[in-house]
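Protein chains in written order, with our numbering: chain A, 1 to 199; chain B, 1001 to 1199; chain C, 2001 to 2199; chain D, 3001 to 3199; chain E, 4001 to 4199; chain F, 5001 to 5199; chain G, 6001 to 6199; chain H, 7001 to 7199. Following: one structure in structure tokens, then a few remarks.
There are 8 protein chains.
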Amino acid sequence: MNDTAILLIDHQVGLQALVKDFDTVGFQNNVLALASIAKELHLPVVITASVPEGPNGPLMPEILEMFPDVAVVSRHGEVNAWDNPQFRAAVKKTGRKQLIMAGIVTDVCIAFPALSAIEEGFQVFAAVDASGTFNEVVRYASWDRMSQGGVQLMNWFSILCELTRDWRVHGQVMTDIIVKHLPEYKNTMITFNQTQSKN
Amino acid sequence: MNDTAILLIDHQVGLQALVKDFDTVGFQNNVLALASIAKELHLPVVITASVPEGPNGPLMPEILEMFPDVAVVSRHGEVNAWDNPQFRAAVKKTGRKQLIMAGIVTDVCIAFPALSAIEEGFQVFAAVDASGTFNEVVRYASWDRMSQGGVQLMNWFSILCELTRDWRVHGQVMTDIIVKHLPEYKNTMITFNQTQSKN
Amino acid sequence: MNDTAILLIDHQVGLQALVKDFDTVGFQNNVLALASIAKELHLPVVITASVPEGPNGPLMPEILEMFPDVAVVSRHGEVNAWDNPQFRAAVKKTGRKQLIMAGIVTDVCIAFPALSAIEEGFQVFAAVDASGTFNEVVRYASWDRMSQGGVQLMNWFSILCELTRDWRVHGQVMTDIIVKHLPEYKNTMITFNQTQSKN
Amino acid sequence: MNDTAILLIDHQVGLQALVKDFDTVGFQNNVLALASIAKELHLPVVITASVPEGPNGPLMPEILEMFPDVAVVSRHGEVNAWDNPQFRAAVKKTGRKQLIMAGIVTDVCIAFPALSAIEEGFQVFAAVDASGTFNEVVRYASWDRMSQGGVQLMNWFSILCELTRDWRVHGQVMTDIIVKHLPEYKNTMITFNQTQSKN
Amino acid sequence: MNDTAILLIDHQVGLQALVKDFDTVGFQNNVLALASIAKELHLPVVITASVPEGPNGPLMPEILEMFPDVAVVSRHGEVNAWDNPQFRAAVKKTGRKQLIMAGIVTDVCIAFPALSAIEEGFQVFAAVDASGTFNEVVRYASWDRMSQGGVQLMNWFSILCELTRDWRVHGQVMTDIIVKHLPEYKNTMITFNQTQSKN
Amino acid sequence: MNDTAILLIDHQVGLQALVKDFDTVGFQNNVLALASIAKELHLPVVITASVPEGPNGPLMPEILEMFPDVAVVSRHGEVNAWDNPQFRAAVKKTGRKQLIMAGIVTDVCIAFPALSAIEEGFQVFAAVDASGTFNEVVRYASWDRMSQGGVQLMNWFSILCELTRDWRVHGQVMTDIIVKHLPEYKNTMITFNQTQSKN
Amino acid sequence: MNDTAILLIDHQVGLQALVKDFDTVGFQNNVLALASIAKELHLPVVITASVPEGPNGPLMPEILEMFPDVAVVSRHGEVNAWDNPQFRAAVKKTGRKQLIMAGIVTDVCIAFPALSAIEEGFQVFAAVDASGTFNEVVRYASWDRMSQGGVQLMNWFSILCELTRDWRVHGQVMTDIIVKHLPEYKNTMITFNQTQSKN
Amino acid sequence: MNDTAILLIDHQVGLQALVKDFDTVGFQNNVLALASIAKELHLPVVITASVPEGPNGPLMPEILEMFPDVAVVSRHGEVNAWDNPQFRAAVKKTGRKQLIMAGIVTDVCIAFPALSAIEEGFQVFAAVDASGTFNEVVRYASWDRMSQGGVQLMNWFSILCELTRDWRVHGQVMTDIIVKHLPEYKNTMITFNQTQSKN
């Protein structure tokens, strides 16, 4: 956890119209769960957007509200965020060697910087359920390309668990995020707690 | 709208483990959207739960918070809510003849009272995306049985639109509910509004 | 419940190789759940098999063990069980006017006798998740034909609930069947009971 | 054909972000094929848009270009186009009693006016592959509601064939539309024609 | 069986490129199974093709070989076979009132003549697994329209069983068709027979 | 077989509400089939549960009954079972170098210890059909990550066959497990045996 | 082609009841297409069956008829055909180093000998569409395991093309197999040839 | 971009009848998008067809029109385009070492030359959404084989982005292609531009 940063790339409201491999409600939940992990565990976060003043639109407002102190790197041309010097500088400034990336669209905005970062010696994890794209064909092709290049494919829940590792240390953070983003688990907790409190 | 009531039946946290025909995050969003329609349009609401002190568990806490003044009808045996005198009385007390029903599980907790209410002369609408069940086979069989019996199958968004009918009259309510529960539409609104506000 | 009989038609081990619209483990669970409903609620049961000494094979052994006193009507030619005088006599001997039917294959062994029974004035319910066939195209076509003819499509769980109606009267039977055949619900019950027993 | 009009309802670019039950490329192709049928067969067309100056956005530009002489009915509040007097007047002015409707979203913008028009004695056909909505649950629920109300569900190709009826009379129109919108058929025609022309 | 005719409509090799709702190998198997039923049970058959000398191509050669004495009705313009006087005459000449129809594409070549025949007082059965079309949306829309109009949806196996009714009378025909077209059943028969013959 | 141990990780009743990539009936069947393999072949088994006295709930009772002599390692914080010294000690005490792992959820409770064990030189097999998780996206991402790390993906039936290798040696065990957990095969055996016994 | 042999493993009629990841008609077509490739190209073939006198049943009769001179290796216990000395001898006697394998079930009868043969230095190709198993989870897990071990995954059509390479040399064989097993291509050929022959 | 060539292989109208893993409208859109990338970025293009004067038919006319100056390499026997000396010469004449390939069918016409080119030291990218084949089983098997051999799987949009890299340099080309082939993005652009132009 001390060597990890989270990179949120192009989760812009206009670009979400391109995401068809997830239901939008579920996708936004996944994105915000990942963002919450960064926030609650105080991980360094790098956020970027591609031409947010154009049709791509601004970043999801929930992300902006969650990280008021993080300066968004607005790119004005580079498709691959890694090609943008400010972005690369922001990543390197975190001093972390393990990068968790998520964004829209998976095959471009994640696959490109993921492979670029691997080439520069970073260890890269793609948060594939907080990253979306056009359809399943593109999703699985981009997964294969990333995996072939050494990127590890993870999901927000396994990232949460990998970072926290122990309920005794991080139980409160884990519970907070689960209650907000994993209703199956929350439901079980409600029943359990209600029963407990009756005794 | 003046002749409509909304019936929320057995949206209990324990029973949600039986719902497999929807992703849980999306399902809860649909249920809360329907509940918001009732609340924002000031429709009479009847809420019931089956043995909430047992393994079925309490109602979703968000529903309870949304309607602090509605007394939940706790049933202690009747599977079909319509068999419960308090429930039936509460429905009739609304004075409404158009009933929108949603609940868990579709094939029992909705299909049974829906068909019972039709027999008593009510017009019944099943909110099928705020109602869940075991799998698609059961979902579509119960749809067929309800449709054969005269129940009309609707979804929360079409219910919202059918009740409001005109953006000039109910625009604010419609927007509020959409922003909370329909992110595809919200995203479009954000881009539009941001562009407008720049000028 | 006092006017209901259950008809199990051609659940033979050889014929199960024709059932492709359900996973076999799940399908057998559904069939046995329906059979248990009949047994636990002491409903009259009529069981038939088509040429069980041939490649269709014998009935599922679990069914035979469950109803040692029910004489299986072996048909030696009639595809539609309703064409078989012994079967028809056995059904009529129950004196019940509501028939719940399940069998293999849905489009023949259920659809044919269901429509025949409707013509003779019975009310017919097809237990569609305890009935299987070649693929989804055939399943949904046969559903449409049955529904058009007035057959009501149900599943074993809604049948259980429709027959029992009240947990206070039939709670033990309901629980027994659920524990054996509905593990989602059973799991919730285990947690609840364990928590209770600790206090 | 002489008693038919085509109603295109809310095919706006912003609303297309709500359509998730079709691939966008395929959906737009279906919409334009239906529009071409109207144009090539000189059917009266009524076009409407809901608040096109807002986030719903303008109609698909291809539709506007195809019907330069049709005045688009801009609605400024009515969800159900049938509630708008200008729309209703435009429909009635066509003098046609058979209405083919398509639009976004199926469960609202088609289902509502379709059922309204049926009530006023029109015969209504929903062009279901030129109409889109949030997901398959909503699609099939709205189909059931429309079918229950007497609406006939059709697709653009069967509409084309129902209207033209005879290749000897309308062969050129049929071929033109097929070549633009049904590439499977076009491919067969290319091979056939090339072979013919070699001889 | 004595009042039944089978109508094979436009099973042409060129049109099969339009059939995407079935795997081609499986679809051809279904078509030939239905054709075999007609042949083996000596039912009257009416066969038609739409412009077979054009890109639609000739009928499947297996069908032509199976019925050397049936004159194919070549239509040179009528989309709806029922609009063609020769076709209608051929149907009426059979003297049968129950018509089983199959063809390409379901939404046009089956739905149109099926509804036309119903209007003229025939009882119509659509063999839906021997009829194909563009995709599942079109398939299910056309099913709904046909069902609404009174057409009964069946599959080749249920048609075989409905016509033969009794293995003692038609066992050889049933077995022959099953061995050729229903390999699941054939496999069971092989094992059974081999075991029998060893004793 | 002499170098193999089976590790059952967190098959707790509360956690099963998180498993959405399998039907619950089928999933429990798979888990119990794997457990039966361990039991019938007398393989060393290590069982662990995460905070079983909390909302995760106790292990499936069938597992506890099957291995009355195995002390369950209750973890009180470690997400990755491999981080728990007792668990690691129990594994090492088996002296086996080939570990078959299954559990809930695949992406955490299997992927983490599987990769940890590989790093320590074990050969690891994930029993992927006795391991469940939230959805298919998470399932396939976790498969990719495990495969990239050298984990071999297997299913309970191939594990049974890989361990037994020869029906002449282990035929009784294989048959016993198949009869209980693989009904397709059982059905074939019933027909065969009945036919045999008649001679 | 001169260094290739084809191994057909356990395509027995009883075992086909275990194959649920393919439609049976399509699966048998794939198996026979692969067998035809061997026959038409005069490749050495090794055929084996597991206890064919038991419930697994005999091999598909079409395979036995196609290769009357190939002695089937009957195994009486070995699950992995490679463990059977006669089978291994038969393979080695072909003198070929490239082995194409297909069989039932993919995860056992193909994966095991495929990995065994790789270990002995053969180059192995799994004909995955002529190999079947329980469901898609098992299919893709076994694919991953084979791929990880160096097995190349192919399908019968790509195998045909890889072996023949040139229509000028093997056009007749290619056409013969396509006409029997690839109706999409056959249909195109019919139209083309008919058109040609008219000139 | 300066080291890249695009190879379009066998996108013939007759062969498209074999493509069942994509909707035809969407597939043709993908193919033409890829072709447009080549054209708009002035990349060298090599086009080949297999026996275009036979049943495979001519290339898609849109491709021929787009590249009037590219001589199509007609192969008269070689299945693997790489086996054809003219094709290989044309590729080598481009002087490019990065080859993007697309074609029909994926498992043969792309997989074979892709693996051949890798062996000769090229870097190969398969444009998997502009390449089609019989079904998903064949698609994913061929992906696995290509990936195992070092081919990188991409889609037309990620290829466009990888080649252009910067909107400031290639914005016009990117926009032109997006407007023609990616309607989700086009729709967002329309709304944005209309709003802008109002101010």
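We put the CB at the ideal spot given by N, CA and C, even for glycine.
- DSSP places Ala4127 (chain E) within a strand segment (E or B) once states are collapsed to three.
- Within the DSSP secondary-structure output, Glu4078 (chain E) pairs in a beta bridge with D:Asp3166.
- Unbroken beta strand (DSSP E) stretches of 3 residues or longer found wholly inside the stretch 3138 to 3164 of chain D: 3152 to 3154, given in chain order.
- Residues of the stretch 3180 to 3199 of chain D with a C-beta atom less than 7 Å from some C-beta of chain H are Pro3183, Glu3184, Asn3187, Ile3190, Thr3191 and Gln3194, listed in chain order.
- For His6042 (chain G), the number of other beta carbons within 10 angstroms of its own is below 16, and it is reported as exposed.
- Residue-level contact by beta carbon fails for Gly4077 (chain E) and chain G, as no gap is shorter than 8 Å.
- Under the 8 Å criterion on CB atoms, Phe5157 (chain F) is classed as interfacial with respect to chain G.
- The beta carbons of Thr2004 (chain C) and Leu2163 (chain C) sit closer together than 8 Å.
- Going by DSSP, Ile7100 (chain H) is part of the beta strand (DSSP E) stretching over Gln7098 to Gly7103.
- Counting only residues of its own chain and dropping the five nearest sequence neighbours on each side, Gly3150 (chain D) has a CB closer than 7 Å to the CB of Ile3118.
- Within the stretch 4070 to 4097 of chain E, those residues whose Cβ lies closer than 8 Å to any Cβ of chain D are, in chain order, His4076, Gly4077, Glu4078, Val4079, Asn4080 and Asp4083.
- Listed in chain order, the positions of the stretch 4009 to 4037 of chain E with a beta carbon within less than 7 Å of a beta carbon of chain D are Gly4014, Ala4017 and Leu4018.
- Judged by DSSP secondary structure, Leu7008 (chain H) falls within the beta strand (DSSP E) whose first and last residues are Thr7004 to Ile7009.
- Taking Lys5039 (chain F) as reference, the option from F:Gly5103, F:Pro5183 and F:Leu5007 with the minimal CA-CA separation is F:Leu5007.
- Annotated three-state conformation of Leu7064 (chain H) is helix, per DSSP.
- Around the C-beta of Gly2095 (chain C), fewer than 16 other C-beta atoms lie within 10 Å, and the residue is accordingly described as exposed.
- Counting of Cβ neighbours within 10 angstroms places Met6001 (chain G) among the exposed residues, the total staying below 16.
- Inclusion of Asp6107 (chain G) and Glu7078 (chain H) in the CB contact set at 8 Å is not warranted, their separation being larger than that value.
- In the three-state reduction of the DSSP assignment, Leu4182 (chain E) falls in the coil class.
- At least one CB atom of chain G sits nearer than 8 Å to the CB of Phe7134 (chain H).
- Collapsing the DSSP output to three states places Ala4089 (chain E) in a helix.
- Counting along the chain, the unbroken beta strand (DSSP E) around Val2045 (chain C) starts and ends at Val2045 to Ser2050.
- If you draw a 10 Å sphere on the C-beta of Ser3197 (chain D), you find fewer than 16 other C-beta atoms in it, and that means exposed.
- Chain E has a Cβ within less than 8 Å of the Cβ of Gly6057 (chain G).
- Where Ala114 (chain A) is concerned, the enclosing alpha helix (DSSP H) starts and stops at Ala111 to Glu119.
- Residue-level contact check: Val4137 (chain E) touches chain D, since one or more beta carbons of chain D fall below 8 Å from its beta carbon.
- Residue pairing of Gly6132 (chain G) in beta bridges, as defined by DSSP: G:Ile6104.
- Taking the Cβ atoms as the reference, Ala7130 (chain H) lies roughly 4 Å from Leu7034 (chain H), within the contact range of under 8 Å.
- Annotated as distal: Asp2144 (chain C) and Trp4156 (chain E), with beta-carbon spacing of 8 Å or more.
- When 8 Å is used as the limit between beta carbons, Pro7061 (chain H) is near these residues of chain D: Ile3190, in chain order.
- Cβ proximity to chain D below 8 Å picks out Val1128 and Asp1129 from the stretch 1106 to 1135 of chain B.
- Contact with chain F is absent for Gly6103 (chain G), since none of that chain's Cβ atoms lies less than 8 Å from the residue's Cβ.
- For Leu5032 (chain F), the closest C-alpha among the options F:Leu5064, F:Asn5056, F:Gln5148 and F:Ala5141 is that of F:Leu5064.
- The beta carbon of Phe6087 (chain G) sits closer than 6 Å to the beta carbons of Thr6048, Val6073 and Ala6081 from its chain, once the five residues preceding and following it are set aside; these are given in chain order.
- For Leu7059 (chain H), the three-state secondary structure derived from DSSP is strand.
- Bridge pairing for Val5073 (chain F): F:Thr5048 [DSSP].
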